[in-house]
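Worksheet: the structure to be examined is printed underneath.
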Amino acid sequence: MSAQAGALRSLVDFYATGMRTAVQSQFQYRVANYFWMVGMLAEPVIYLVVWTTVARAQGGELNGITAGQFAAYYIVWTLVRNMNIVFTPYGWEWRIRDGQLSGLLLRPLHPLHYDLAYFAGWKVVVIVLWLPVAGILALAFRPELSPNVAQVAAFALAIWGAYLIRSMFLWLLGMLSFWTTRVSAVFEVFFVGELLLSGRLVPMQLMPEWVQGLAGFTPFYWTFGFPIEALVADLDGRTLVEGLLLQALWTLIGLGLVLVAWRYAVRRYSAVGN
Amino acid sequence: MPAIDVRDLTKTFLVPEREAGLLAAMRSLVRRRQREVRAVDAISFAIEPGEVVGFLGPNGAGKTTTLKMLSGLLHPSGGEARVLGHVPARREREYLRQITLVMGNRNQLQWDLPALDSFELNRAIYRLPRDGFVPMRDELIELLDVGDLVRKPVRNLSLGERMKVEIVGALLHRPAVLFLDEPTLGLDVTMQKRIRAFVAEYNRRHGATVLLTSHYMADVEALCRRVIVIHHGTILFDGPLARLAERFAAHKTISVVVANGAVLDAYGEVVNRDGDRVWLRVPKEETARATARLLAEQEVLDLTVEDPPIEDVIDTVFAQERAE
Amino acid sequence: MTGALRLAWLFFRVGALNELQYRVNFVMQLFHSALALATGLVVLALVFSHTTELRGWSHGELLAVLGVHILMGGAIRVAIQPNMNRLMEEIRDGTLDYALTKPEDAQLLVSLREVRTWQGVELVTGAVVLGYALTRVGGEAGPLDAAAFALLLLVGAAMIYSFWLVLATGAFWLVRMDQAAELFEGVYQTGRWPVGVYPPLLRVWLTFLVPIAFAVTVPAEAATGRLEWTTVVLALAFGAALFAFARWFFRQGLKRYSGASA
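Laid out in structure tokens, this is it:
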């Protein structure tokens, strides 16, 4: 039993060290990080402008969402979008061919820990850099937003849930690179599906019924729409808790799939080399 | 019990084959032709704990493939390997904690941070208790003389300096077995010497088993008492370095300086010339006679009989192999 | 003038021959274009499931804007971006000399030598979407409208080119301009919608700072018969000014470059 406790403590130690390393590294690149963040703003601003225009044309609100609420949705969107950035599935091909993978395989630690810890640390830097950006956006677009304590707490948890779910599923996608280099078609279909089914394009309630139904079978909403709505949509306590539990469920599903896929991927790699 | 025990270890790869031309390209879309390549062909050897063994062979001989199998990166196609009692292919955590694989120019350290920070990360990965980690780290830093380099971001270091700190990072967990794949590749002579001295010292202090591959004979000559020569996936020689020349060298080299700069083709094959000095290659049996003739017929100012450089020996060995 | 055209044709041929080797690129580009188009159409359909017009633009008219956006995007990715990216790289690496020692005009050379023919798929896609959109919009399109459209399309492309040239020339002074390409991608997405939907300040930036309005909205207005002659005059005037400025700025950059590298 104490061996288990020791292992757990070592793992926590690794995450702390890994996150600290990432913070130190990424802080050096704060200018590049800002550039990227600013470039990324075009997308939500466009959506925001378009949907508030539609709302105003319909008399001030659309499906119960006012212009101010749209503004809130898309401003919080920018943070959630940042939390969604994880190791790109395109990066696996590079990892395999560059030889980085050998280095990862030689360590007595599952490489998933390495990515999770590193990107988590990066997120900390990103959250700090994001705050002034959010301030400016709020001044420009006047969001309507007044969450209570429970909602803020749920949001704080939900953004990390989103991070974990997306980490798992993008790792899963990346595993395809072990079998073929022609992966971009699959990746693109995935990303388009995600765009439409996650709440990234619009709040899901604006999507036709059948699309919402379809989205229920996918993890996408839990990586994007749910965290935003936790803060913005005035959900009640029960919905929040259910949502967080579903996030946990999807994380476990993703994790299970990743562990299985990884075993096959390593088997393939060690049969074929690079 | 041997630290490394290899029996009939084999690795075959399936390599896609394709001819040039549009028609062949289209055909290959439908039906892929594959060829089997034996990178490593039923090799066997055993290495005792604490030995430093050199693995010599030209490119494509199977050295790196063997190292990768021994470190668990590749599954053998046949035969078996045991390192420290473990089967490497199983990649057990306990096993990975006792070995290290250092490859020529692979970066395992964080690019933007001082090496010291990467060492901290390795400490966490290998779960090293602090009271063991710190003295080991400091010992390695001192042995490799990188004290002033470890606080600089790794990207600011030269290739040789980077190699040294990478080695520190690779040994922090005090592995019992070191797999070194071309560790001095691309480094200047001073750096090569420093790294060789380090490996020898590390082996002496910690009794680690070292399996080292290299192109540079100087690495092998400086470090390894035993050498395994591999070519086309098979072992050609496994034994003391001294015996290598004995076994394979068919020639000796006579290095001579004559007064009047005469042409010396009659005495043997002229392989090199440097100012007044000429190097002649003669078959081993002829050495005494050629030497006597030179001394008698020419005005010899200086003469030495040398063993051919090991490189030539190796080249001959490989040439022989190819010819068979 | 004919010299420039001849040069352009030569580069195009070489580029095309080079890329036909990479058949895979065509297929991937087709797939990518199809996916992007489908997404764009879905978004429009979604918007119009909730409303009948957007700031005075109908569904068909917005489809026209989408078509022009794709078309212009294709033009940018076929010819403008590859050249400007290469220019920035060469400034950064100091290898611009090769281009400068050729007997042709430097600006012409650095602007025409790179061609990504497979992106041409976007040109076709955009044209098709535009064509379909115009059938939905209906109305009468005479040869004058078609001429105006073609002219404004060219003027718009020339403005985007000039903008890019100014950006790339900036590399002569601030070496780290690589982020620029990514930023542009993001900003260009704003062109998917007519510039009139954006709040006033943004509208001004998207007209005079990054000429998205002239590149996409204005030609779309021409195609759908919403054009006012004042816009045409403004486009021509601003276009000429921007082009002249870009050329002058580029020459300044060259002077600095040859002065700096001894």
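Chains as they are written, first to last, in our numbering: chain A, 276 to 549; chain B, 154 to 477; chain C, 1030 to 1291. From the three backbone atoms N, C-alpha and C, an ideal C-beta is built for every residue, glycine too.
At what residue ranges does the segment 328 to 367 of chain A contain a whole run of the alpha helix (DSSP H), taking only runs of 4 or more?
The alpha helix (DSSP H) runs lying completely inside the segment 328 to 367 of chain A and spanning 4 residues or more are 342 to 359, given in chain order.
Whose Cβ in chain A lies nearer than 7 Å to the Cβ of B/Glu-273?
Ordered by position in chain A, the residues that pass the 7 Å Cβ test against B/Glu-273 are Thr-292.
Closer than 7 Å by beta-carbon distance: list the chain C residues that pair up with A/Glu-236, in chain order.
What the structure shows of chain A is the stretch from 276 to 549, and residue 236 of chain A is not part of that stretch, so it cannot be assessed.
Cα-Cα separation between A/Pro-407 and A/Met-312, rounded to whole angstroms:
If you take the alpha carbons of A/Pro-407 and A/Met-312, they lie about 12 Å apart.
Skipping 5 residues on each side, what residues in its chain have a beta carbon closer than 7 Å to that of B/Glu-245?
Around B/Glu-245: His-239.
Mind checking if C/Leu-1212 is an interface residue toward chain D, Cβ cutoff 8 Å exclusive?
No chain D appears in this structure, whose protein chains are A, B and C.
Rounded to the nearest angstrom, what separates A/Tyr-309 and C/Thr-1236 at their Cα positions?
Roughly 24 Å separates the two Cα atoms.
Taking three-plus beta-carbon pairs below 8 Å as touching, is the segment 364 to 372 of chain B in contact with the segment 205 to 220 of chain B?
Because the criterion of three Cβ pairs below 8 Å is met, the segment 364 to 372 of chain B and the segment 205 to 220 of chain B touch.
For C/Ala-1291, count the other beta carbons within 10 Å of its own beta carbon; 16 or more makes it buried, fewer makes it exposed. Which is it?
The predicted model places C/Ala-1291 with a pLDDT of 40, which falls under 50 and marks its position as unreliable, so this point remains unresolved.
Hey, does A/Gly-366 have any beta-carbon neighbour from chain B nearer than 8 Å?
Taking 8 Å as the CB threshold, A/Gly-366 stays off the interface with chain B.
Length of the line joining the Cα atoms of A/Ala-413 and A/Val-351
If you draw a straight line from the Cα of A/Ala-413 to the Cα of A/Val-351, it is about 10 Å long.
Report all residues from its chain with a CB closer than 6 Å to the CB of C/Glu-1119; omit the five preceding and five following residues, and keep chain order.
Closer than 6 Å at the Cβ level, and outside the excluded window around C/Glu-1119, lie Leu-1125.
If you measure from the beta carbon of A/Asp-390 to each beta carbon in chain B, is any gap under 8 Å?
For A/Asp-390, the answer is no, since every Cβ of chain B falls outside 8 Å of its Cβ.
Chain A contacts made by the segment 1116 to 1147 of chain C, where a contact means CB separation under 7 Å:
Legend: CB atoms of the segment 1116 to 1147 of chain C lying less than 7 Å from CB atoms of chain A are not found in any residue.
Closest Cα partner of A/Ala-282 within the set B/Val-431, B/Ala-277, B/Arg-290 and B/Tyr-420
Measuring from the Cα of A/Ala-282, the nearest candidate turns out to be B/Ala-277.
Measure from the C-beta of C/Arg-1084 to each C-beta in chain A and report whether the shortest distance is under 8 Å.
Yes, because at least one Cβ of chain A sits closer than 8 Å to the Cβ of C/Arg-1084.
So the candidates are B/Val-458, B/Pro-267, B/Lys-346 and B/Leu-338; which of them puts its Cα closest to the Cα of B/Val-303?
Among B/Val-458, B/Pro-267, B/Lys-346 and B/Leu-338, the Cα nearest to that of B/Val-303 is on B/Pro-267.
Looking at the C-beta of A/Gln-299, does it have a partner C-beta in chain B at a distance below 8 Å?
A Cβ of chain B is located within less than 8 Å of the beta carbon of A/Gln-299.
DSSP three-state label for B/Lys-216, please.
Here B/Lys-216 sits in helix by DSSP.
Using the C-alpha atoms, what's the distance from B/Val-168 back to B/Arg-188?
Here the alpha carbons of B/Val-168 and B/Arg-188 stand approximately 5 Å from one another.
Thinking C-beta only, is C/Leu-1091 closer than 8 Å to A/Val-329?
By the CB criterion at 8 Å, A/Val-329 and C/Leu-1091 fall outside the cutoff.
With distance defined between alpha-carbon atoms, name the residue in C/Phe-1201, C/Ala-1242, C/Arg-1255 and C/Leu-1116 nearest to C/Arg-1221.
Taking each of C/Phe-1201, C/Ala-1242, C/Arg-1255 and C/Leu-1116 in turn and checking the Cα distance to C/Arg-1221, the smallest one comes out for C/Ala-1242.
Test item: CB-CB of A/Val-424 and A/Phe-394 under 8 Å:
Going by C-beta atoms, A/Val-424 is not nearer than 8 Å to A/Phe-394.
Classification of C/Trp-1193 by the beta-carbon crowding that lies within 10 angstroms, buried from 16 upward:
By the 10 Å Cβ count, C/Trp-1193 comes out buried.
With contact counted as at least three CB pairs below 8 Å, one residue from each stretch, are the segment 377 to 394 of chain A and the segment 458 to 468 of chain A in contact?
Cβ pair count under 8 Å is below three, so no.
Would you verify that the beta carbon of C/Val-1233 is, or is not, closer than 8 Å to some beta carbon of chain A?
Residue contact check for C/Val-1233 against chain A: no CB pair falls below 8 Å.
In terms of DSSP beta bridges, what is B/Glu-233 paired with?
B/Arg-160.
Outcome for C/Asp-1122 when other beta-carbon atoms lying within 10 angstroms are tallied against a minimum of 16
Label assigned to C/Asp-1122: exposed.
Since A/Gly-548 meets chain B, which of its residues come closer than 8 Å, beta carbon to beta carbon?
For A/Gly-548, the neighbours in chain B by C-beta distance under 8 Å run, in chain order, Phe-166, Thr-218, Lys-221, Leu-226 and Leu-227.
Please determine if the segment 1238 to 1255 of chain C and the segment 1179 to 1189 of chain C are in contact, where contact requires at least 3 C-beta pairs separated by less than 8 Å.
Judged by Cβ distances under 8 Å, the segment 1238 to 1255 of chain C makes contact with the segment 1179 to 1189 of chain C, as three or more pairs qualify.
So A/Phe-460 contacts chain C; which residues on that side make the cut at Cβ distance below 8 Å?
First, the residue type needs correcting, since residue 460 of chain A is Ala and not Phe in the sequence shown. Chain-ordered, the chain C residues with CB closer than 8 Å to the CB of A/Ala-460 read Met-1057 and Phe-1060.
For A/Ser-421, is the classification buried or exposed, using 16 other Cβ atoms within 10 angstroms of its Cβ as the cut-off for buried?
Per the 10 Å Cβ criterion, exposed.
For B/Asp-391, the three-state DSSP class (helix, strand or coil)
The answer is strand: DSSP assigns B/Asp-391 an E or B state.
Spatial neighbours of C/Ala-1104 within its chain, please: C-beta separation below 6 Å, excluding the five flanking residues on both sides.
Cβ neighbours of C/Ala-1104 beyond the five flanking positions: Ala-1186.
Touching by the beta-carbon criterion (3+ pairs, under 8 Å), the segment 1215 to 1235 of chain C and the segment 1131 to 1147 of chain C:
Too few Cβ pairs lie closer than 8 Å, so no.
With DSSP run on the structure shown, which of helix, strand or coil describes A/Ser-421?
Of the three classes helix, strand and coil, the one that applies to A/Ser-421 here is coil, per DSSP.
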